[in-house]
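In order, the protein sequences belong to chains A and B.
Using my numbering, you'd call the opening residue of the first sequence number 1 and step up by one each time.
Using my numbering, you'd call the opening residue of the second sequence number 1001 and step up by one each time.
Even glycine gets a Cβ: it sits at the ideal position worked out from N, Cα and C.
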Amino acid sequence: MYKAELVKSIINKIQQSCIEKLNIMEVCGTHTHAVSRSGIRSLLPPNIVLLSGPGCPVCVTEEGLIDAAVEILKKDIILAAFGDMVRVRGSSESISDQLHKRKNIFIVYSPLDCLDLARNNPDKQVVFLAAGFETTAPGIALAVKLAYKENLHNLSFLTSLKLMPPVLHSILREKQKKIHGLICPGHVAAVMGAGYFRFVAGEYGINAAVCGFEPLDIASGLLFLTEKISSGTEAAFANLYESCVREEGNETARKIMMQVFDIADGNWRGIGEIKESSLVLKEKYCCFDALKKFNIRPHKFADNMQCNCSDVILGNIMPYECRLFGKACTPQKPAGPCMISSEGSCSAYYKYWEAGI
Amino acid sequence: MTAEYQSGSWLLLLKPQGGEYMCLAVPGIIVSVNRAWAQVDVMGVLNTVNVQLVDEPAVGDYVLIHAGCAIQKISSDNFSFLRSVLSEFLREEEKNV
């Protein structure tokens, strides 16, 4: 039996089993895109609503940090960042808006690429805009450690590293949200362990499953959640991505991460401050902190986005319910980070909405 | 993977290796290991990957790669839940033949 047929069979079973309206949150932006791309969203019965979540690093990076990067770029430095980070606007400008000023901006795939940049340009300051969640944090920590070991003092890091559980606590505490199930990020769990998300069932009585990103993974996850929710039994948690996710996760990666970072309060774009939700450089590595090196203090902004990205990532509305979606906000002229980011919900809905999926 | 800075240049795009999404990780099989780095076969393409985040990387290990680093070893076992789902559907398929 081909995988596509299996997915359809699973969706058929979901349609037979589910009798009431269910809201299931796909926490990770990569899951949102996978659901859209595979067509699963269009196959689900209308009573199953998939809500977007806050798992998009570009979408939740605070405006003040983008502004800090733009400010640092006024000096003759090399700025490196992951792809989408250069396109998202801070309070007014994006990093890519600086291109016409002949600024040196490098898009990198790996944080370790910045070490090469620093080694190859010893007379230049290199700043890496290090954004991500727990999946990316260990690689960034490794880059910091290697920079320290090699005395690469022309390299510094502008960090926007966020943790999943605190923002999920923040969302799930609002009982009126009525989220009945959670698809948990598979690759965050690969690093942190399956048990990292067990609290969703244990503390909030909400069924949750760690899932992979293939259509079969997602369909199986949805089947698990809908069957558990429909049964009315005690909330369950399951690791459905056992090939990549172990209960204990990757202890080596976590150890390196916590050797380099401390946990601190974090500022989330569109959400605000969340206690103990971000990773910041330890004192030992403070010389690699770009904010300290360039003496910049990021401003905090109230949610001033004209679009409804904050409601989208909190699962309050669907992307197409934003008044700007598809009209004043498109991938060609994005109004907010959810349309800019390749993991943003709005970009997923727009890309596959046009295709009729 | 090195980056070459040319005076006056801007927005030099380094060759991406793998998925376009920031949180996505791709599986690969280790072909060779040299201290902190390994050559990993990802869908037939060899990639240079840092393996310092996993324990005792060895030739033949399947790993999950994210942002140029192996972040976890992949078990060759199938998902237990997925396996039961597949078994059930295959049994139903056999009945319909």
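Pairing Gly195(A) with Lys124(A), the inter-Cα distance amounts to about 43 Å. Nearest Cα to Ala235(A) within the set Asp67(A), Lys3(A) and Ala209(A): Ala209(A). Per the coordinates, the alpha-carbon of Glu174(A) lies some 19 Å from the alpha-carbon of Ile229(A).
Only exposed fits Val1031(B), as fewer than 16 other CB atoms lie within 10 angstroms of its CB. Per DSSP, reduced to three states, the secondary structure at Cys286(A) is helical.
Cβ-Cβ separation between Ala190(A) and Ile1071(B): approximately 6 Å, consistent with a contact (criterion under 8 Å). In the DSSP assignment, Asn104(A) falls within the beta strand (DSSP E) that extends over Asn104 to Ile107. As the crow flies, the alpha-carbon of Pro334(A) is around 20 Å from that of Ala131(A).
Between Ile179(A) and the set Gly344(A), Met25(A) and Glu5(A), the nearest pair of CA atoms involves Met25(A).
No Cβ of chain A is located within less than 7 Å of the beta carbon of Ile1065(B). Interface with chain B (7 Å Cβ-Cβ cutoff): Thr330(A) is excluded.
Where Ser110(A) is concerned, there is no enclosing beta strand (DSSP E), because DSSP gives it neither an H nor an E. Listed in chain order, the non-local C-beta contacts of Lys275(A) below 8 Å within the same chain comprise Pro166 and Asp265, local neighbours out to five positions each way being set aside. For the region 1042 to 1075 of chain B, residues whose beta-carbon sits nearer than 7 Å to a beta-carbon of chain A comprise Asn1050, Gln1052, Leu1053, Val1054, Asp1055, Leu1064, His1066, Ala1067, Gly1068, Cys1069, Ile1071, Gln1072, Ile1074 and Ser1075. Residues of chain B with a Cβ closer than 8 Å to the Cβ of Asn250(A) are, in chain order, Leu1053, Val1054, Ile1071 and Gln1072. For Asp67(A), the enclosing alpha helix (DSSP H) covers residues Glu63 to Ile72. In summary, the residues of the region 188 to 209 of chain A whose CB is separated from some CB of chain B by less than 9 Å are Val188, Ala190, Val191 and Ala209, in the order they occur in the chain.
The three-state secondary structure of Tyr241(A), taken from DSSP, is coil.
The region 155 to 172 of chain A makes contact with the region 49 to 61 of chain A: 3 or more CB pairs, one atom from each, lie closer than 8 Å. The three-state secondary structure of Gln1072(B), taken from DSSP, is strand. Within the region 74 to 145 of chain A, the complete beta strand (DSSP E) runs of at least 3 residues fall at 78 to 81, 104 to 107 and 126 to 132.
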